[in-house]
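A.B. asks:
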Amino acid sequence: MTCASCVARVERALKRAPGVEEARVNLTTEEAFLRLQEGIDLKEVLKQVEEAGYEPVVARAEIPVKGMTCAACVARVERALKKLPGVLSAHVNLATEKAFVEYLPDTVTLPRLRQAIRDAGYEPLEVVQEEKRAPAYPLDLLIALPFAFLTLLLAMGPMLLPLPHLPPLFQVLTALPVLYAGRRFFRQALAEIRHRSLGMSTLVALGAGSAYLYSFLVLLFPTLFPEEARHLYLEAGAVILALILLGKHLEEKAKGKASEAIRKLLALRPKTARVVQEGEEKEIPAEALIPGDLVRVLPGERIPADGVVVEGFSHVDEAMLTGEPIPKVKKPGDEVVGGTVNGEGPLLIRVSRVGEATVLAQMARLVEEAQAYKPRVQEVADRIASVFVPIVLIIALITFTLWILYGPGLSYAFVALLSVLLIACPCAMGLATPAAIAVATGRAAQLGLLFRKGQAIEGLARADTVVLDKTGTLTQGKPTLTERLGFALSPEEALRLAAALERGSEHPIAKAVLEAARDLSLPEAQAVRALPGEGIEGVVEGKKLYLGGPALMERLGVALPKEAWELSEKGYTPLYLADGERLLAAFGVFDPPKPEARRVVAALKALGLKPVLLTGDHPVPARRVAEALGIEEVLAGVRPEGKVEAIRHLQAQGRKVIFVGDGINDAAALAQADAGIALATGTDIAVEAGDVILLSPSLESLVDAILLARRTLRTIYLNFFWAYAYNILLIPVAAGALYPFTGLLLNPMLAAGAMTLSSLFVLSNSLRLKGFQPRSFTVA
Numbered sequence: 001m002t003c004a005s006c007v008a009r010v011e012r013a014l015k016r017a018p019g020v021e022e023a024r025v026n027l028t029t030e031e032a033f034l035r036l037q038e039g040i041d042l043k044e045v046l047k048q049v050e051e052a053g054y055e056p057v058v059a060r061a062e063i064p065v066k067g068m069t070c071a072a073c074v075a076r077v078e079r080a081l082k083k084l085p086g087v088l089s090a091h092v093n094l095a096t097e098k099a100f101v102e103y104l105p106d107t108v109t110l111p112r113l114r115q116a117i118r119d120a121g122y123e124p125l126e127v128v129q130e131e132k133r134a135p136a137y138p139l140d141l142l143i144a145l146p147f148a149f150l151t152l153l154l155a156m157g158p159m160l161l162p163l164p165h166l167p168p169l170f171q172v173l174t175a176l177p178v179l180y181a182g183r184r185f186f187r188q189a190l191a192e193i194r195h196r197s198l199g200m201s202t203l204v205a206l207g208a209g210s211a212y213l214y215s216f217l218v219l220l221f222p223t224l225f226p227e228e229a230r231h232l233y234l235e236a237g238a239v240i241l242a243l244i245l246l247g248k249h250l251e252e253k254a255k256g257k258a259s260e261a262i263r264k265l266l267a268l269r270p271k272t273a274r275v276v277q278e279g280e281e282k283e284i285p286a287e288a289l290i291p292g293d294l295v296r297v298l299p300g301e302r303i304p305a306d307g308v309v310v311e312g313f314s315h316v317d318e319a320m321l322t323g324e325p326i327p328k329v330k331k332p333g334d335e336v337v338g339g340t341v342n343g344e345g346p347l348l349i350r351v352s353r354v355g356e357a358t359v360l361a362q363m364a365r366l367v368e369e370a371q372a373y374k375p376r377v378q379e380v381a382d383r384i385a386s387v388f389v390p391i392v393l394i395i396a397l398i399t400f401t402l403w404i405l406y407g408p409g410l411s412y413a414f415v416a417l418l419s420v421l422l423i424a425c426p427c428a429m430g431l432a433t434p435a436a437i438a439v440a441t442g443r444a445a446q447l448g449l450l451f452r453k454g455q456a457i458e459g460l461a462r463a464d465t466v467v468l469d470k471t472g473t474l475t476q477g478k479p480t481l482t483e484r485l486g487f488a489l490s491p492e493e494a495l496r497l498a499a500a501l502e503r504g505s506e507h508p509i510a511k512a513v514l515e516a517a518r519d520l521s522l523p524e525a526q527a528v529r530a531l532p533g534e535g536i537e538g539v540v541e542g543k544k545l546y547l548g549g550p551a552l553m554e555r556l557g558v559a560l561p562k563e564a565w566e567l568s569e570k571g572y573t574p575l576y577l578a579d580g581e582r583l584l585a586a587f588g589v590f591d592p593p594k595p596e597a598r599r600v601v602a603a604l605k606a607l608g609l610k611p612v613l614l615t616g617d618h619p620v621p622a623r624r625v626a627e628a629l630g631i632e633e634v635l636a637g638v639r640p641e642g643k644v645e646a647i648r649h650l651q652a653q654g655r656k657v658i659f660v661g662d663g664i665n666d667a668a669a670l671a672q673a674d675a676g677i678a679l680a681t682g683t684d685i686a687v688e689a690g691d692v693i694l695l696s697p698s699l700e701s702l703v704d705a706i707l708l709a710r711r712t713l714r715t716i717y718l719n720f721f722w723a724y725a726y727n728i729l730l731i732p733v734a735a736g737a738l739y740p741f742t743g744l745l746l747n748p749m750l751a752a753g754a755m756t757l758s759s760l761f762v763l764s765n766s767l768r769l770k771g772f773q774p775r776s777f778t779v780a
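Note that the UniProt record's numbering has the sequence shown beginning at 1, numbered continuously upward.
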């Protein structure tokens, strides 16, 4: 594929295949993402692509299989392989003990094939793989460049240098190899014409082909042409093909850079793992690991798979996952992620996830899916591209006709025709969006931002309102005992007795009390009993004590002084300690905001966004958090199902809404928003509801996501402006608009070069997104 027309043609071909519900094609990554009905024969789908004139990338592998004994074994292995998505065919030969598999290498991998055989109960041995790919540009380029230069030298050299004029046959001999090197454009042009979907290849084939054909006709039948029109354009045709091949080669390299984020992610996986079996260590390929394996990871090594620490203590660098540079402490029971780097201590890890289930593989998959996204501007561009080439052909014919009728001669008409055909190639249009999306989503992944859905880029960039969940999003998500009031006892003594009652409880408020008393020596509590909906009672140091909320104090008939009942009004969750007759002490429990929350809210305001606090919590603590963070609009006491209505209400006012939640109980609200952002722990990245997942524990990455989305959308618009402005401005120039003033026509070779430069500009402009720096905002 070379341009937006190619993309549109492949999409149409795929959608014609039976069982294809959705097809999205990405020019930058050269991939098609399909949603299929179950049981679809993928070969029929690929056949549609081939008939459209393109070549699907298919790989073949011979996998020796050990342990098969009969036809039933053969059938079992074949079934296991055919069940995998992306496997086109699988045949097993019992006599040679080999499985022959044809598959899509970007959908299913060799390690996954081997694992399927292993899961079926057999042992796959060394693999022989043969991959089928379309011919690369470099070989044709090596032919085209030197021969195009020779052709140009033979044609133009005698005018500039003291070189002899050689017979035209020499130009023919040097121009023909270039024609062979550019054969792909003619082959693709025939497919485009056959499918009535003209594209870049049609323009190139018509432009270069016309130059060759005209020159051959002049050589073979000179009397058919007036003397002033007996010019050869072999050097123009040859240089055009060479320049476009060079441009496509440079585009391929640039597109490779745009898509390198996925390769870099997957390259983080180590090749080998040190497995501990029966007290002995042995090194095996990391791809051979299975859940349950024990793996030893030494200091400085990358962890080979996701797992849980069984033994050891260390710090692990998870920057590739969260974007945070500070290593995380890991001890027995903690989860670790494959690809992260172990710090100073050896770790023994029990593998929990391998292959496509690992966090790294999920990240790569999410980045790929996001890169296939098309914003509305690209969909419009695709429709324009589908009619653009026919319009260009009409303009070229009109140009040729006008020059024949009113110009100085056939030669001028032909030059104008070639220039229009070549300068109008819509390559830059096809690359404008996918190149920018590919670079942006890759850079985002490096910063701990996963764009699950590319639509989020538009949603984030256009938003004017940010709705933030409170608990766990703006706040730390765990109650903290922050207020102590002593009445009959000192605050410290009261805390010691309250903690004794709460010891062993898993309630969040109990944990807050125990955390506050962690440095105190706690007595033993006797006859401890939970009072459902009220609190807890027990005997401590011979005294019957009660710990609970206002309902418990009311039942006991304990009067609350003004300072005690005001705790609720101040936004605290009150907790009272009493002996059954009098109040001994009061505590205020509060879920404090995250340290960076106020700075993030201020940054959102600086970006022109309106922050809104949306929570199911009581209005009093909600307002307290909002005031502390500088949020004016608060929607409190909202149940989960009411959050969706709240977002719909904001959208009905014409607002573009981002919703930020924890991705678990906020799923519906995340889906309703124009862009849903889910906070996730480092190993919980597959939060299905969120369009964007923040892997970093810091809320500042929310600002990074918005800034990156805005810059990406600006980059896309600039790409389209350049692509369209280039065509709008230069097509008239190519047609000869400047000839009356300058007496010159645009050389077809310069037209081909300009077309190539426009594509390279779009790619290089998109690659600038790799330099995006996080948290590039300053707020006091």
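C-beta: ideal position from N, C-alpha, C; glycine also.
Owing to the predicted nature of the structure, the values given are computational and were not obtained by experimental measurement.
Name, in chain order, the residues that DSSP records as bridge partners for residue 53.
C.D. replies: Note: residue 53 sits in no beta bridge, so no partner.
A.B. asks: Just tell me which of 710, 737, 764 has its CA closest to the CA of residue 719.
C.D. replies: The shortest C-alpha separation from residue 719 is found at 764.
A.B. asks: Which word fits residue 490, buried or exposed, when buried means at least 16 other C-beta atoms lie within 10 angstroms of its C-beta?
C.D. replies: Under this definition residue 490 is an exposed residue.
A.B. asks: From residue 767 to residue 436, what does the alpha carbon distance come to, in whole angstroms?
C.D. replies: One C-alpha to the other measures close to 7 Å.
A.B. asks: Quick check on this structure: which residue in 346, 339, 349, 525 has the alpha carbon closest to the alpha carbon of residue 361?
C.D. replies: Here the closest residue by C-alpha is 339.
A.B. asks: Can you grab the Cα-Cα spacing for the pair residue 703 / residue 328, in whole Å?
C.D. replies: Near 23 Å, if we compare the C-alpha coordinates of residue 328 and residue 703.
A.B. asks: What is the rounded straight-line gap between the Cα of residue 716 and the Cα of residue 433?
C.D. replies: Near 6 Å, if we compare the C-alpha coordinates of residue 433 and residue 716.
A.B. asks: Do residue 477 and residue 591 have their C-beta atoms closer together than 8 Å?
C.D. replies: Yes, the Cβ-Cβ distance between residue 477 and residue 591 is below 8 Å.
A.B. asks: Count the other CB atoms within 10 Å of the CB of residue 159; is the residue buried (16 or more) or exposed (fewer)?
C.D. replies: Exposed, by the Cβ-count rule.
A.B. asks: Let's test the definition: count the other Cβ atoms within 10 Å of the Cβ of residue 443 and tell me whether it reaches 16, buried, or not, exposed.
C.D. replies: Its Cβ being crowded by 16 or more others within 10 Å, residue 443 is buried.
A.B. asks: With DSSP as the reference, label residue 638 as helix, strand or coil.
C.D. replies: Note: residue 638 maps to coil in three-state DSSP.
A.B. asks: Looking at residue 557: is its Cβ nearer than 8 Å to the Cβ of residue 548?
C.D. replies: Going by C-beta atoms, residue 557 is not nearer than 8 Å to residue 548.
A.B. asks: For residue 791, which residues in the same chain have their Cβ closer than 6 Å to its Cβ, ignoring the five residues on either side in sequence?
C.D. replies: Look at the range of the chain in this structure, 1 to 780, and you will see that residue 791 is not part of it.
A.B. asks: Could you tell me which whole alpha helix (DSSP H) segments of length 4 or greater appear in the region 478-566?
C.D. replies: You should have 491-502, 508-516, 550-556.
A.B. asks: By DSSP, does residue 72 sit in helix, in strand, or in coil?
C.D. replies: If DSSP states are grouped into helix, strand and coil, residue 72 belongs with the helices.
A.B. asks: In angstroms, rounded to a whole number, what distance separates the CA positions of residue 777 and residue 108?
C.D. replies: Caution is warranted here: a pLDDT of 47 is assigned to residue 777, below 50, making its placement in the model unreliable, and the coordinate value is therefore given only provisionally. C-alpha separation (whole angstroms): 42 Å.
A.B. asks: Measuring straight from C-alpha to C-alpha, what distance separates residue 190 and residue 68?
C.D. replies: If I take the Cα positions, the gap works out to 49 Å.
A.B. asks: Bridge partners for residue 64 per DSSP, in chain order?
C.D. replies: Note: residue 64 sits in a beta bridge opposite 98.
A.B. asks: Look up residue 277 in the DSSP assignment and give the residues it is bridged to.
C.D. replies: Looking at the DSSP assignment, residue 277 forms a beta bridge with 280.
A.B. asks: Apart from the five residues on each side of it in sequence, which residues of its chain come closer than 8 Å, Cβ to Cβ, to residue 769?
C.D. replies: Answer for residue 769: 436, 439, 440, 443, 708, 711, 712, 715, listed in chain order.
A.B. asks: Under 6 Å Cβ to Cβ from residue 624, same chain only, skipping five residues before and after it: list those, please.
C.D. replies: Result list for residue 624: 571, in chain order.
A.B. asks: What residue range does the beta strand (DSSP E) around residue 451 cover?
C.D. replies: 449-451 is the extent of the beta strand (DSSP E) around residue 451.
A.B. asks: Give me whichever residues DSSP pairs with residue 26 in a beta bridge.
C.D. replies: Partner(s): 31.
A.B. asks: What does a CB cutoff of less than 7 Å around residue 74 pick up in its chain, not counting 5 residues either side in sequence?
C.D. replies: Excluding residues within five positions, the ones whose Cβ falls inside 7 Å are 68, 92, 94.
A.B. asks: DSSP state of residue 715, grouped into three classes?
C.D. replies: Looking at residue 715 - three-state DSSP - the assignment turns out to be helix.
A.B. asks: Nearest-angstrom Cα distance between residue 116 and residue 81?
C.D. replies: Cα-Cα distance, rounded: 6 Å.
A.B. asks: In terms of residue numbering, what span does the alpha helix (DSSP H) encompassing residue 317 cover?
C.D. replies: Element bounds for residue 317: not the alpha helix (DSSP H) but the beta strand (DSSP E), 314-317.
A.B. asks: Using DSSP's beta-bridge definition, name the partner residues of residue 658.
C.D. replies: 466, 675, per the DSSP bridge assignment.
A.B. asks: Hey, how far is the Cα of residue 700 from the Cα of residue 474?
C.D. replies: Residue 700 and residue 474: Cα-Cα distance of roughly 11 Å.
A.B. asks: Do residue 144 and residue 181 have their C-beta atoms within less than 8 Å of each other?
C.D. replies: For residue 144 and residue 181, yes; Cβs fall inside 8 Å.
A.B. asks: Assign residue 165 to one of three DSSP states: helix, strand, or coil.
C.D. replies: Coil.
A.B. asks: Starting from residue 583, trace the alpha helix (DSSP H) both ways and give me its first and last residue.
C.D. replies: Careful: residue 583 lies outside any alpha helix (DSSP H), inside the beta strand (DSSP E) at 583-590.
A.B. asks: Sort out for me which residues DSSP pairs residue 123 with in a bridge.
C.D. replies: Answer is 66, bridged to residue 123.
A.B. asks: Could you check where the alpha helix (DSSP H) with residue 194 kicks off and where it finishes?
C.D. replies: First-last of the alpha helix (DSSP H) with residue 194: 183-194.
A.B. asks: Looking at C-alpha atoms only, which residue of 168, 165, 238 is the closest neighbour of residue 152?
C.D. replies: The shortest Cα separation from residue 152 among 168, 165, 238 belongs to 238.
A.B. asks: Using alpha carbons as the reference points, say which of 282, 273, 281 lies closest to residue 306.
C.D. replies: It is 273 whose Cα lies nearest to the Cα of residue 306.
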